[in-house]
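Have a look at the structure below before the remarks.
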Amino acid sequence: MKFDPSIVFRNWDLLAYGLLITLQYTVYTCAIGLVIGLFVALLQLTPWRPLRWIGRIWVEFFRNIPLLVLLLWTYYAMPIFLQIQISKEMAGILGLGFYASGFYAEILRAGVQSIDRGQTDAAMVLGMSYIQRMKRIILPQALRRMVPPLVGQTIMQLKNTTLLSVLTIPDLLYQAGYISSTTYRPMEVYTVIGILFVLILFPLSALSRRFERKEAV
Amino acid sequence: MMTATSEDVVLSVRGIEKSFGSQHVLRGVDLDVHRGEVVCLIGASGSGKTSLLRCMNLLLEPDQGEAVIEGAPLFRHTKAGRLKLSSAQVSAVRIKTGMVFQNFNLFPHRTALENIIEAPLVVKKEPRAAAEARARELLARMGLPDAGHKYPSQLSGGQQQRVAIARALAMQPTIMLFDEPTSALDPELVGEVLSAIRQLAAEGMTMVIVTHEIGFAYELADRVVFMDQGVVAASGPPRELLLSGTNPRLAAFVSRFTEQARLLSPLVAAAAAPSTTPLAKGM
Ligand SMILES: Nc1ncnc2c1ncn2[C@@H]1O[C@H](COP(=O)(O)OP(=O)(O)O)[C@@H](O)[C@H]1O
Ligand SMILES: [Mg+2]
């Protein structure tokens with residue numbers, strides 16, 4: 001059989017739509033993940049033990065559950081537990097967003113804790129409150145260190161959206177499956193999709209690498 | 218000892234106890250610091266000097282005892298009960314102390330000037346122009362008139378420590394606490410920091426200085442406090458305390474320094490001989 005990628009590009013409209021969905025879900029779920037992740041990281045950084053535990057449990061839960069299980073549970077099991085109706089889109093966004101929050105929380109917590117204890121001491125003797133210390137002294141320093149792992153996690157997040165296809169959300173991979181089954185050309189379809197993902201993500205990781213090098217100086 | 222009600226006691230700690238796990242680091246320390254007094258805390262490493270200094274402004278919370286700064290209670294946990302203060306209340310008392318750390322702890326993402334004006338702007342809500350003017354004045358006093366726009370990483374250790382002193386002074390503290398301010402410095406940079414501290418003493422600043430510079434303590438201190446295994450083992454005017462030899466552990470501690478000085482004395486004599494200027498006493 002001859003390798004003919006043009007078959008795939010003849011369905012470019014489906015692919016473009018899939019790509020749009022993939023990017024859209026990446027943005028939504030990263031935003032949710034970051035907001036919840038920041039909150040959970042702050043919980044883990046408080047001096048109050050019960051709050052730290054809650055943060056810890058959240059992180060461990062979402063870091064250790066397989067994403068596929070989480071997505072299926074959110075869509076099929078959670079609505080029964082909570083007696084609610086939930087669309088597959090909402091299930092996808094919540095599942096992926098919560099999943100990301102566990103990883104983002106860890107990155108944010110580790111970044112804050114990597115800042116020398118002396119910085120907190122100095123800010124405390126100068127009379128700065130917890131919020132002032134965080135906002136003006138600790139977070140600005142920590143954020144620089146967090147950029148590379150945050151970019152890395154965001155790349156993972158975009159890749160993870162491919163699992164949304166099990167909920168029949170028409171992301172890039174779902175569209176690929178559809179094109180493949182109508183054209184009977186899985187070889188071309190999946191090759192093109194794979195390359196497409198690499199092409200989208202490569203600039204992001206290159207950027208992060210450059211930033212890392214600059215920070216190392 | 219009497220309770221610290223006397224008006225010219227700036228800082229007073231009583232019965233300070235602190236353990237880290239099973240390690241009993243402070244075992245009932247009492248100390249009063251009077252206005253304008255320079256107290257040097259000396260002692261072997263691990264004797265609890267840093268812990269005591271950090272208890273004085275509650276960077277470290279004692280297990281028991283009492284700390285009062287200018288009449289305002291900062292900490293009390295005694296048999297009679299426990300004082301509850303909000304973190305804002307603690308802060309309000311704590312900022313009467315300025316603290317200088319062994320590792321400077323400047324904010325690396327801020328220039329020297331920004332380091333100094335940070336707390337006046339954010340904590341005291343001073344107008345920027347006034348804060349900057351005072352910061353420049355402080356930098357000049359520390360011998361760093363041109364360092365304002367530099368980042369800590371662009372400054373030598375001695376310069377960083379002087380910026381750190383300026384930063385502490387910018388909050389107009391009534392007492393300055395120094396934790397081995399020259400221990401992290403290369404030998405050739407020690408002098409500039411010591412002379413900045415000397416200048417503060419001359420201006421009448423109340424200070425507690427943890428130091429291994431015995432000669433400096435001898436020269437500058439109104440009182441030397443020798444800590445040993447978590448207690449104040451001896452305390453008094455430097456001349457009497459450092460030369461008396463009544464406390465054998467203190468005598469042993471001091472003898473290590475005098476032994477070193479004795480070994481160096483031929484060098485000092487050789488260097489001093491051609492000059493007619495009398496050298497400072499007792500180095
Ligand atoms: N945060 C801490 N956790 C556990 N042990 C500590 C801590 N800080 C100090 N120590 C211990 O307490 C003892 C006294 O320390 P420190 O007050 O730093 O003494 P010094 O400043 O005289 O060298 C040391 O044995 C040290 O290991
Ligand atoms: Mg120490």
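Order-wise, the sequence lines are chains E and V. Note that my numbering gives residue 63 to position 63 of the first sequence, counting from 1, and the numbers run on in steps of one. Adding 217 to a residue's 1-based position in the second sequence gives its number in my numbering. Glycine residues also receive a C-beta, built at the ideal position from the N, C-alpha and C atoms. Please read all numbers here as calculations on a predicted model, not as lab measurements.
Strand pairing of Glu283/V, partner residues [DSSP]
Arg231/V, Arg293/V
Distance cutoff 8 Å, beta carbons only. Does Glu331/V sit that close to anything in chain E?
no
Output needed for Asp4/E: all residues of its chain with C-beta closer than 8 Å, excluding positions within five of it in sequence on either side, in chain order.
Arg185, Glu188
I'd like to know whether the C-beta of Leu248/V is nearer than 8 Å to at least one C-beta of chain E.
no
Let me make sure I understand the geometry here. Which of Pro325/V, Gln389/V, Leu355/V, Phe443/V has the alpha-carbon closest to that of Lys367/V?
Pro325/V
On the criterion of 16 or more Cβ atoms from any shown chain inside 10 Å, does Met1/E qualify as buried, or is it exposed?
exposed
Of the residues that make up the stretch 266-281 of chain V, which ones have a beta carbon closer than 7 Å to any beta carbon in chain E?
Asn274, Leu276
Boundaries (first-last residue) of the alpha helix (DSSP H) holding Ile21/E
12-45
Pull up the CB-CB distance for Glu397/V and Thr428/V, whole angstroms please, since I reckon it's below 8 Å.
6 Å
Can you grab the Cα-Cα spacing for the pair Thr314/V / Met90/E, in whole Å?
54 Å
How far does the beta strand (DSSP E) with Gly245/V in it reach, from first residue to last?
240-251
Per the contact definition of three or more C-beta pairs closer than 8 Å, is the stretch 439-450 of chain V in contact with the stretch 464-478 of chain V?
yes
Within 7 Å: the Cβ of Thr428/V and any heavy atom of ligand 2?
no
Given a cut-off of 8 Å on the beta-carbon distance, is the pair Leu356/V and Leu386/V in contact?
no
I need the residues with a C-beta less than 5 Å from some heavy atom of ligand 1; please give them in chain order.
Phe237/V, Val242/V, Ser262/V, Gly263/V, Ser264/V, Gly265/V, Lys266/V, Thr267/V, Ser268/V
Any beta carbon of chain V sitting closer than 8 Å to that of Ile179/E?
no
Leu345/V CB to nearest chain E CB: under 8 Å?
The residue asked about is misnamed: residue 345/V is Arg in this sequence, not Leu. Taking Cβ atoms only, chain E never reaches closer than 8 Å to Arg345/V, which makes this a no.
Let me know if Val441/V comes out buried or exposed under the rule of 16 or more other beta-carbons within 10 Å of its beta-carbon.
buried
Secondary structure, beta strand (DSSP E): runs of 3+ residues fully inside the stretch 427-482 of chain V:
440-445, 448-453
Local conformation of Phe395/V per DSSP, three classes
strand
Can you look up Leu300/V in the DSSP assignment and give me helix, strand or coil?
coil
Between the CA atoms of Gly18/E and Gln153/E - distance to the nearest angstrom
21 Å
How far does the beta strand (DSSP E) with Met316/V in it reach, from first residue to last?
314-317
Going by DSSP in three states, Ile228/E sits in which element: helix, strand or coil?
Only positions 1 to 217 of chain E appear in this structure, which leaves residue 228/E out of reach.
Indicate whether Gln44/E and Arg56/E have their beta-carbon atoms separated by less than 8 Å.
yes
According to DSSP, is Leu258/V helix, strand or coil?
strand
Cβ of Arg136/E less than 8 Å from any chain A Cβ?
Absent here is chain A; the protein component of the structure consists of chains E and V.
Closer than 8 Å to chain V by CB, Ser114/E:
no
DSSP three-state label for Phe3/E, please.
coil
Among Leu394/V, Leu406/V, Lys341/V, which residue has its Cα nearest to the Cα of Ala418/V?
Leu394/V
Have a look at the DSSP bridge pairing and note the partners of Val226/V.
His251/V
Going by the beta-carbon positions, is the gap between Thr168/E and Leu96/E smaller than 8 Å?
no
For the candidate residues Cys272/V, Gly298/V, Val407/V, Leu338/V, whose alpha-carbon lies nearest to that of Met316/V?
Cys272/V
Can you tell me whether Met422/V is helix, strand or coil according to DSSP?
coil
Quick one: what's got a C-beta closer than 6 Å to Asp121/E's C-beta in the same chain, skipping five residues either side?
none
Any non-hydrogen atom of ligand 2 closer than 7 Å to Glu397/V Cβ:
yes
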